[in-house]
Amino acid sequence: MAILEVRNLSKSFDGFEVLKDISFDVEKGEVVAIIGPSGSGKSTLLRCINQLEKAGGGTVKVCGMDLIADYKNGKPVYSPAETLRAIRLKIGLVFQNFNLFPHMSVMKNITEAPVCVLKKSRQEAEKTAAALLEKMGLSQKANAYPCELSGGQQQRVSIARALALNPELLFFDEPTSALDPELTGEILKVIKELAKEKMTMVIVTHEMAFARDVADHVIFMDGGVIVEEGTPEQVFGETKNERTKQFLQRYNNDYK
Amino acid sequence: MSWDEILQCTGIIARYLVPTLKIFGFTLIFSIPLGMVVALLKMCKFKPVSWLVNVYILIMRGTPLMLQIITIYYAIPMMKVSDSAFLQNLFAGVDIKSESYQFNALIVAFALNYAAYFAEIFRGGIESIPKGQYEAAAALGMTKTQTFFRIILPQVVKRIVPASSNEVITLVKDTSLASAIAYAEIFRKAKEQMITYSNLTPLFIAGLFYFVMNAVLTVLFTAIEKKLDYYK
Ligand SMILES: Nc1ncnc2c1ncn2[C@@H]1O[C@H](COP(=O)(O)OP(=O)(O)OP(=O)(O)O)[C@@H](O)[C@H]1O
Ligand SMILES: [Mg+2]
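Protein chains in written order, with my numbering: chain Y, 1 to 256; chain X, 257 to 488.
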């Protein structure tokens, strides 16, 4: 069953087409890596599906619910607000620069949404949070504030924060790009761990070796279109596409 | 002046601490929420509204508070003697000689003026919060209201404490402008005493009162800043 269905998605900023006719599926339990040069529209794609940007056209379906079902008079028709809200809770988003709430402790960062959005009791939310922190190896940091944590620790908190809502689907937008190389590994390890647990994930990344290693499916984007997609072997190993080859060559040192 | 006279004079001035504090307190009570509303209206995407609010802020910050106080104070008396029967009737019941009219006019002027300053501080604070905070909250399913009150406002408060403390301290001193419409408060009384005694000492006494009030406020604000220092 496809947990995410994107069909002919498009998006323009002031007449400049950033996404053109994007179609792809994400199956339950699948890990999809999206790679591509800077400015190719990877973030915009995630943001459109996450309702942080309004799409220009196309249809999107998340967990059987329509985000955009139709397209009328040159505008996409979004579902009613409750459906949009329900969809939002199905998708967790991990940002490049964490975006933790600086005025809240680690514990509060993780429990805030379960308590005020899902209306869980504080006690229950804290129990879930404690388990997630344990998983992230951050049990000691529950009462720390984000400014007291390293980048890698902050990113692990933000992953825990997204997981606390128990999403069906987790989006990562370059989760390691703001980190020092030595901190990148700890995040990649967490993501691998989640992949083992069959968490459905869409990961935008510049870590080619990692994408090859962890992804079931790789999408290569350039200039707002999906240039090529397939298994990691197909895209990294035996691509016939000139643009893919060119792009991968620049990352040659990165994948062995 | 003899010590006895100084003591007596201090007593008289001290009695008018209450009106001064009343202006101070009521101005804050009205201007802070009003400033918040003005700030939000200024950021309103509907252009005519933000434009109008901008004109209001420009006038309030661009003209002297003393002028505003006098204008507002005399607005109703002027209307009462205008040619329009409607205006005459509308304000017929207002006793412009009463102390309460004086006080109300003062508070209207102070609140409108300070709201403009607070609005700019609040707006600056709100706009300084990174977009990512809104996006993180939205991605977690929070509503706009939840995002504003739980995520944005607490961070804004921390950022605006230093600028707000400047305004509050200025307000303590600005209360003396109430003397422009002969409202009896510390400054006016001190001036009267100065004339009575032909001596500057009453002014120094009044100055000391302002100084002590602001010293207390400075300590208070430093404590608040320290309290909010638990995160960066
Ligand atoms: N809010 C915006 N307004 C105008 N143009 C935008 C906006 N956001 C993105 N763009 C443009 O859309 C294009 C795609 O941007 P996007 O951030 O999706 O690329 P990306 O593939 O994520 O790149 P990177 O790898 O650098 O993160 C870029 O040309 C960018 O300048
Ligand atoms: Mg990006």
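Each residue gets a CB set at the ideal place from its N, CA and C atoms; glycine is no exception.
Between residue i and residue j, which are expected to be in contact by the criterion C-beta below 8 Å, what is the C-beta distance as a whole number of angstroms?
i: Y/L170; j: Y/M136; result: About 14 Å; that fails the 8 Å criterion.
i: Y/C257; j: X/Q389; result: Any question about residue 257 of chain Y goes unanswered here, given that chain Y covers just 1 to 256.
i: Y/P146; j: Y/L100; result: 4 Å
i: X/I377; j: X/Q411; result: Going by Cβ atoms, the distance from X/I377 to X/Q411 rounds to 14 Å, so no, they are not a contact pair.
i: X/I288; j: X/F359; result: No, X/I288 and X/F359 are not in contact; Cβ-Cβ is about 19 Å, not under 8 Å.
i: Y/I34; j: Y/M201; result: Rounded, the Cβ-Cβ distance is 11 Å, inconsistent with contact.
i: Y/K192; j: Y/V214; result: 6 Å
i: X/A371; j: X/G291; result: 4 Å
i: X/V311; j: X/V294; result: Incorrect: roughly 12 Å between the Cβ atoms, too far for contact.
Going by C-alpha distance, which of the options is nearest residue i?
i: Y/G15; options: Y/A2, Y/K28, Y/G56; result: Y/G56
i: X/N422; options: X/P289, X/Y487, X/A471; result: X/A471
i: X/V428; options: X/S340, X/K278, X/I269, X/A331; result: X/K278
i: Y/E207; options: Y/T184, Y/T83, Y/A195; result: Y/T184
i: Y/R122; options: Y/M107, Y/L132, Y/E134; result: Y/M107
i: X/L476; options: X/A438, X/L459, X/G463, X/S420; result: X/S420
i: Y/E197; options: Y/V77, Y/K28, Y/P102; result: Y/K28
i: Y/T157; options: Y/D180, Y/A131, Y/E182; result: At residue 157 of chain Y the sequence reads Val, which differs from the Thr that was named. With distances taken between Cα atoms, Y/V157 lies closest to Y/A131.
i: Y/E233; options: Y/K54, Y/M1, Y/I219, Y/I226; result: Y/I219
i: Y/C63; options: Y/I3, Y/L133, Y/D216; result: Y/I3
i: X/D351; options: X/P289, X/I332, X/A367; result: X/I332
i: X/R406; options: Y/A195, Y/S150, Y/A142, Y/P102; result: Y/P102
i: X/I262; options: X/S432, X/K303, X/L464, X/G349; result: X/L464
i: Y/G224; options: Y/K11, Y/Q246, Y/L179; result: Y/K11
i: X/L323; options: X/A434, X/E441, X/Y453; result: X/A434
i: X/K482; options: X/I268, X/K353, X/V417, X/D260; result: X/V417
i: X/T474; options: X/L396, X/K336, X/L321, X/T426; result: X/T426
i: Y/N50; options: X/L314, X/E391, X/D260, X/K387; result: X/E391
i: X/F237; options: X/A446, X/T399, X/A365, X/I451; result: Since the displayed chain X opens at 257 and closes at 488, residue 237 of chain X lies outside it and no answer follows.
i: X/T327; options: X/I363, X/S306, X/V294; result: X/I363
i: X/S356; options: X/A440, X/K301, X/S432; result: X/A440
Going by DSSP in three states, residue i sits in which element: helix, strand or coil?
i: X/M217; result: Because chain X in this structure spans residues 257 to 488, residue 217 of chain X falls outside the shown range and cannot be described.
i: Y/P76; result: strand
i: Y/Y71; result: strand
i: X/S432; result: helix
i: Y/K256; result: Reliability of the predicted coordinates at Y/K256 is poor, the pLDDT of 42 falling under 50, and no value is obtained from them.
i: Y/K119; result: coil
i: Y/F247; result: helix
i: X/V393; result: One point to set straight first is that residue 393 of chain X is Ala, not Val, in the sequence displayed. DSSP places X/A393 in helix when its eight states are reduced to three.
i: Y/A164; result: coil
i: Y/T239; result: coil
i: Y/D213; result: helix
i: Y/A178; result: coil
i: X/M292; result: helix
i: Y/S10; result: strand
i: X/S421; result: helix
i: Y/A81; result: helix
i: Y/V31; result: strand
i: X/K301; result: coil
i: Y/M221; result: strand
i: X/P275; result: helix
i: Y/L138; result: coil
i: X/G388; result: helix
i: Y/L93; result: strand
i: Y/M201; result: strand
i: Y/E229; result: strand
i: X/G281; result: helix
i: Y/K192; result: helix
i: X/M316; result: helix
i: Y/I159; result: helix
i: Y/S23; result: strand
i: Y/L100; result: coil
So with Cβ pairs under 9 Å, would you call residue i a contact of chain C?
i: X/P410; result: Annotation note: the requested chain C is absent from the structure, which comprises protein chains Y and X.
Please list, in chain order, all residues with a C-beta atom less than 5 Å from at least one heavy atom of ligand 1.
Y/F13, Y/V18, Y/S38, Y/G39, Y/S40, Y/G41, Y/K42, Y/S43, Y/T44
Please list, in chain order, the residues of the stretch 88-105 of chain Y that have any C-beta partner in chain X closer than 7 Å.
R88, L89, L93, F95, N97, N99, F101, P102, H103
Got a sec: which bits of the stretch 144-158 of chain Y sit with their beta carbon under 9 Å from any beta carbon on chain X, in order along the chain?
Y145, P146, C147, E148, S158
What are the residues of the stretch 31-57 of chain Y that lie near chain X, defined by any Cβ-Cβ distance shorter than 9 Å?
R47, N50, Q51, L52
Output needed in chain order: residues of the stretch 376-399 of chain X with a Cβ under 7 Å from some Cβ in chain Y.
G388, Q389, E391, A392, A394, A395, L396, G397, M398
Residues within the stretch 106-117 of chain Y neighbouring chain X, beta-carbon criterion of under 8 Å
E112, A113, C116, V117
Short of 9 Å Cβ to Cβ, which residues in the stretch 461-487 of chain X face chain Y?
L484, Y486, Y487
In the stretch 413-443 of chain X, which residues sit with their C-beta less than 8 Å from some C-beta in chain Y, listed in chain order?
K414
Of the residues that make up the stretch 63-85 of chain Y, which ones have a beta carbon closer than 8 Å to any beta carbon in chain X?
R85
Could you run through the stretch 170-190 of chain Y and flag, in chain order, every residue whose CB is less than 7 Å away from some CB of chain X?
none
What residues in the stretch 310-328 of chain X bring their beta carbon closer than 7 Å to a beta carbon of chain Y?
none
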